[in-house]
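Participant: Take my numbering: the final residue in the sequence shown is number 305, and no numbers are missing along the way. Beta carbons are placed, not taken as given, at the ideal position from N, Cα and C, and that holds for glycine.
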Amino acid sequence: MRLKDIQDIFHKELDAIYGREEVDAFFYLLIESYFNVPRFHLALHPELSITKEEQTPIFNALHELKQEKPIQYIIGATEFYGLNFKVNPNVLIPRPETEELVDLILKNYKATEHLKILDVGTGSGCIAVALGKQINNAEVFAVDISGEAIKIAKENALANGVNVSFVNTDILDVNKRNSWFAGITFDIIVSNPPYVRELEKKEMKANVLNNEPETALFVDDSNPLVFYDAICEFAINKLNTNGQLYFEINQYLGPEMKALVDNYHFNDVRLKKDLAGNDRFVYGRFPN
Ligand SMILES: C[S@@+](CC[C@H](N)C(=O)[O-])C[C@H]1O[C@@H](n2cnc3c(N)ncnc32)[C@H](O)[C@@H]1O
Numbered sequence: 018m019r020l021k022d023i024q025d026i027f028h029k030e031l032d033a034i035y036g037r038e039e040v041d042a043f044f045y046l047l048i049e050s051y052f053n054v055p056r057f058h059l060a061l062h063p064e065l066s067i068t069k070e071e072q073t074p075i076f077n078a079l080h081e082l083k084q085e086k087p088i089q090y091i092i093g094a095t096e097f098y099g100l101n102f103k104v105n106p107n108v109l110i111p112r113p114e115t116e117e118l119v120d121l122i123l124k125n126y127k128a129t130e131h132l133k134i135l136d137v138g139t140g141s142g143c144i145a146v147a148l149g150k151q152i153n154n155a156e157v158f159a160v161d162i163s164g165e166a167i168k169i170a171k172e173n174a175l176a177n178g179v180n181v182s183f184v185n186t187d188i189l190d191v192n193k194r195n196s197w198f199a200g201i202t203f204d205i206i207v208s209n210p211p212y213v214r215e216l217e218k219k220e221m222k223a224n225v226l227n228n229e230p231e232t233a234l235f236v237d238d239s240n241p242l243v244f245y246d247a248i249c250e251f252a253i254n255k256l257n258t259n260g261q262l263y264f265e266i267n268q269y270l271g272p273e274m275k276a277l278v279d280n281y282h283f284n285d286v287r288l289k290k291d292l293a294g295n296d297r298f299v300y301g302r303f304p305n
């Protein structure tokens, strides 16, 4: 069957859900991922065909797209900060805002001989791996409560040639976090923890709600800053002098987040918007 004919079927079945342009984007990603056929190659060879056997994965993908499964989970990969990351439904799909967070850290950090970085709630490992790739000689640690996430993150670190020490523990458990990190202090602690309140579920897209891991996303309405509070508490004991703390945050809780970090007596605490204009990052330095 010609790939062009399959593309027509994709349009017929999916345009109503996603729109023509996005369906083309999905289709080209899939043929590149499954058959190693880049978009321009199909334009130059419109008669390009695949065998009946080869059709199975692409029609399976069509079925999954109809059910609004994210394309990244279908092909099992995504790009973050110019690097390839394996993803599956045990990890959050890295978001563009989080690339902005990495960018912010890279612009602000001061190179020292043995820079130690900790990423809390690492998921796919995107933040830890991207920072490790960009900062020479950094010693990178990453923690997550999900063993399945740690498995993927380890693969991503290896595939991208970055050395990360992964810890599978619960950052909310004071005893566990203190015993795992006994005797270690950090220059940078960064986290994009779960921050979506249950009450915000109704404004979320079905493809996120039905596919991405709940433990990566949600916090209780009654205590939405629980992770930030715990991480600040941990950070004041674990940051070196002038160490930096970086958070990605819930856009609706910017002022509350800044107040929380101020209350822990960090210096130069800033609330920063993302490129979409939403409050998205809070960061500060640990006082002398
Ligand atoms: C919003 S996701 C962020 C994933 C990744 N850092 C990113 O930016 O794409 C939050 C992560 O925190 C992890 N997590 C949730 N509760 C945790 C806990 N109590 N201790 C450690 N990690 C936790 C989840 O498994 C998930 O991987």
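1. For SER163, does the three-state DSSP call read helix, strand or coil?
2. Helix, strand or coil for ASP204 per DSSP?
3. Over the uninterrupted beta strand (DSSP E) stretch that includes PHE298, give me the two end residues.
4. Following the continuous beta strand (DSSP E) through ARG287, name the residue where it begins and the one where it ends.
5. Round the Cβ separation of MET18 and ILE67 to the nearest angstrom and send it over; I've been treating them as touching at under 8 Å.
6. Beta carbon of GLY138: closer than 7 Å to some heavy atom of ligand 1?
7. If we ignore side chains and look at the alpha-carbon of each, how far apart do SER208 and GLY99 end up?
8. PHE97 to ILE169, Cα distance in whole Å?
9. Considering GLU265, what are the terminal residues of the beta strand (DSSP E) in which it resides?
10. So the candidates are ALA33, LYS290, ASN257; which of them puts its Cα closest to the Cα of PRO272?
11. CB-CB under 7 Å to ILE306, same chain, minus the five flanking residues each way: which ones, in chain order?
12. Rounded to whole angstroms, what is the Cα-Cα separation between ILE34 and LYS83?
13. SER141 by DSSP, collapsed to three states: which one?
Facilitator: This is what the structure holds:
1. Residue state, collapsed to three classes: coil.
2. Looking at ASP204 - three-state DSSP - the assignment turns out to be strand.
3. Following the DSSP letters along the chain, one finds PHE298 inside the beta strand (DSSP E) bounded by residues 296 to 302.
4. Per DSSP, ARG287 is one residue of the beta strand (DSSP E) stretching across 284 to 290.
5. Between MET18 and ILE67 the beta-carbon gap is near 6 Å, inside 8 Å, which marks them as a contact.
6. Yes - ligand 1 has a heavy atom lying nearer than 7 Å to the Cβ of GLY138.
7. If you take the alpha carbons of SER208 and GLY99, they lie about 20 Å apart.
8. Computed Cα separation, rounded: 14 Å.
9. Taken as a continuous stretch (DSSP letters only), the beta strand (DSSP E) holding GLU265 covers 256 to 265.
10. Among ALA33, LYS290, ASN257, the Cα nearest to that of PRO272 belongs to LYS290.
11. Residue 306 is absent from the structure shown; the chain starts at 18 and stops at 305.
12. Answer to the nearest angstrom: the Cα atoms are 8 Å apart.
13. If DSSP states are grouped into helix, strand and coil, SER141 belongs with coil.
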